[in-house]
Structure formats: structure tokens, C-alpha cells
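Everything below concerns the one structure shown next.
Chains as they are written, first to last, in the numbering used here: chain A, 1 to 113; chain B, 114 to 223.
This is the structure in C-alpha cells:
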């Protein structure tokens, strides 16, 4: 069965650089969620999109932005990177009408040096 | 605000031992409750869920019952295997937001 795809899987950036993370949801899933998991920490909800509109916002820094495109894939844009942004970034998708069924991608590991 | 508290790890058990990982929550309204498992270097996998009080979620020998009176959702398994070694996260969903506990690492020794 198709799963959530995230790219890249690993990314190394320097401080003050920008990064773009991509998420491709499971086919026919129209809702996408982004999470940040710091080393040894629990995942923190960042932001979600439903039908290309932002549906909810969590602890996403102002330096980050995200959007969902017409093909339902989503991109998380991160600017002015800081050392503390080093984390595993997960994307999850869910089908219409069933937000309890969140399927997570393998994550993108971002390292800021 | 909404939150999840789960027992700290690591939890180390011998194969075939009984497992309990405690999870309690604080939430307004009627949240849905979940257990996720994370293997090293991988993403989160949904293990089981319960969407209303007294529901029991179960999968792969793991069980958890949604107890509204004690605001708990403890994870149990009667006989753990080495392959169950992973980090387990309790989570709740309320008003379309997910909140995760801090995770409990389980080590199962042969």
C-alpha cells in the first residue's frame, strides 16, 4: 500500500540558511499535518492543511511557512535556520472525514550546523 | 491546555513478560486517544486507538482501554517479544490537534 513520502530524508544546512521539506500524502488523503520532533522529545504539532487551506496551527515559528498544493502535496519552508531547528520533521496525512486515521511519513532529519 | 503524561522509561523486560505503560491525559471535551510506536530511525506507526469512553483499542497483542473516569489509556501486552523493543508514544486528538506524550522506551531482552 502507498505510504506518505517525505523528501529529502536527510538534510544538512548551516545557520541562517533556508530549507524546504516536501511531503506527498497517501493518494486520496486531503489533509496534511507537520510535526517537529527534537532529539529525545515528543513530536510537536506545527501546522495542518485541509483542501489546500490552513486548518490548524500549533507551535510553528514565524520563520517557518507551509502550504498545500493542488495535488495535495505540502511543503514546509524554513528560513533563517537556527541550531535549535535540528530535529526530525514528520508529515502525516489523513483522509476526509477521518482525522483519527493519521498516517505518518518516515520523516526528514534536518541538521543545522 | 490539553496534554498527555506517560511513564518515563526506559522499561526493560524479559521476553514473555507482561507489559504496562501508563498514560494519563488532560483535555476538554471528548478527545480520541492513541498509541503510536516508533522504531529506530523510522516514523511513527499507529498501534491502536479509541475514540470514546470505555472503547478498547487492540492490535498485535497490545490493548488499551479509554477510561474517562481516571483519564487514562494504559497500554498493556500479555507477553512481549524482542521485536517489540521501540519507543511508545501516547497521544490524544482534540479539535483537530494532536498532543503527544514524551515517549517510553521499551527494551525487551531475550
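Built from N, CA and C at the ideal position, the CB exists for glycine as well.
C-alpha distance - residue i paired with residue j, whole-angstrom precision
i                      : j                      : result
residue 183 of chain B : residue 81 of chain A  : 42 Å
residue 166 of chain B : residue 186 of chain B : 10 Å
residue 201 of chain B : residue 63 of chain A  : 31 Å
residue 217 of chain B : residue 121 of chain B : 6 Å
residue 74 of chain A  : residue 130 of chain B : 43 Å
residue 53 of chain A  : residue 31 of chain A  : 9 Å
residue 105 of chain A : residue 157 of chain B : 8 Å
residue 22 of chain A  : residue 208 of chain B : 25 Å
residue 100 of chain A : residue 18 of chain A  : 32 Å
residue 25 of chain A  : residue 61 of chain A  : 23 Å
residue 133 of chain B : residue 125 of chain B : 11 Å
residue 66 of chain A  : residue 123 of chain B : 35 Å
residue 114 of chain B : residue 103 of chain A : 25 Å
residue 197 of chain B : residue 159 of chain B : 14 Å
residue 111 of chain A : residue 56 of chain A  : 26 Å
Same chain, Cβ closer than 7 Å to residue i, neighbours up to 5 away in sequence not counted
i                      : result
residue 194 of chain B : 128, 221
residue 199 of chain B : 150, 151, 152, 219
residue 16 of chain A  : 80, 81
Simplified DSSP state of residue i, which is helix, strand or coil
i                      : result
residue 170 of chain B : strand
residue 93 of chain A  : strand
residue 192 of chain B : coil
residue 62 of chain A  : coil
residue 81 of chain A  : coil
residue 56 of chain A  : strand
residue 30 of chain A  : strand
Listed by chain order, chain A residues near residue i by CB distance under 8 Å
i                      : result
residue 102 of chain B : Residue numbering for chain B in the displayed model covers 114 to 223; residue 102 of chain B lies beyond these limits and cannot be assessed.
residue 214 of chain B : 42
Cβ neighbours of residue i in the same chain (closer than 8 Å, five flanking residues each side left out)
i                      : result
residue 204 of chain B : 117, 146, 147, 148, 149, 211, 212, 213, 214
residue 37 of chain A  : 43, 44, 87, 88, 89, 90, 107
residue 176 of chain B : 161, 169, 170, 188, 189, 190
residue 39 of chain A  : 86, 87
residue 27 of chain A  : 2
residue 94 of chain A  : 29, 31, 33, 100, 101, 102, 103
residue 70 of chain A  : 52
Chain-ordered chain A contacts of residue i [CB-CB under 9 Å]
i                      : result
residue 122 of chain B : Within 9 Å Cβ-Cβ: nothing; residue 122 of chain B doesn't reach chain A, min ~11 Å.
residue 206 of chain B : 99, 100, 102
residue 175 of chain B : Near residue 175 of chain B there are no residues of chain A at all, since even the closest Cβ is about 17 Å away, more than 9 Å.
residue 162 of chain B : 100, 101
residue 145 of chain B : 99, 100
Listed by chain order, chain B residues near residue i by CB distance under 9 Å
i                     : result
residue 74 of chain A : Simply none; closest approach about 15 Å.
residue 55 of chain A : 209
residue 7 of chain A  : The contacting residues do not exist; residue 7 of chain A stays about 13 Å from chain B at best.
Within chain A, the residues that residue i reaches when beta carbons sit closer than 7 Å
i                      : result
residue 155 of chain B : 106
residue 202 of chain B : 42
Nonlocal neighbours in the same chain, by C-beta distance under 6 Å from residue i, ignoring five residues either side
i                      : result
residue 192 of chain B : 129
residue 10 of chain A  : 109
residue 113 of chain A : 14
residue 187 of chain A : The structure shown does not extend to residue 187 of chain A, since chain A is modelled only from 1 through 113, so no value can be given for it.
The ligand ATP heavy atom lying under 7 Å from the CB of residue i
i                     : result
residue 83 of chain A : This structure lacks the ligand ATP, and indeed carries no ligand of any kind.
Partner residues on chain B for residue i, Cβ-Cβ distance less than 8 Å
i                     : result
residue 58 of chain A : 210
Residue i: contacting residues in chain B (beta-carbon distance under 7 Å)
i                     : result
residue 64 of chain A : Near residue 64 of chain A there are no residues of chain B at all, since even the closest Cβ is about 17 Å away, more than 7 Å.
Next on the checklist: Measuring CB atoms only, is the segment 43 to 57 of chain A touching the segment 4 to 11 of chain A, in the sense that at least three cross pairs come out at less than 8 Å?
Outcome noted: A contact is defined here as three or more CB-CB pairs under 8 Å, and the segment 43 to 57 of chain A fails this definition with respect to the segment 4 to 11 of chain A.
Next on the checklist: Any contact between the segment 171 to 181 of chain B and the segment 85 to 95 of chain A? By contact I mean 3 or more CB pairs, one from each, below 8 Å.
Outcome noted: They do not touch, by the three-pair rule.
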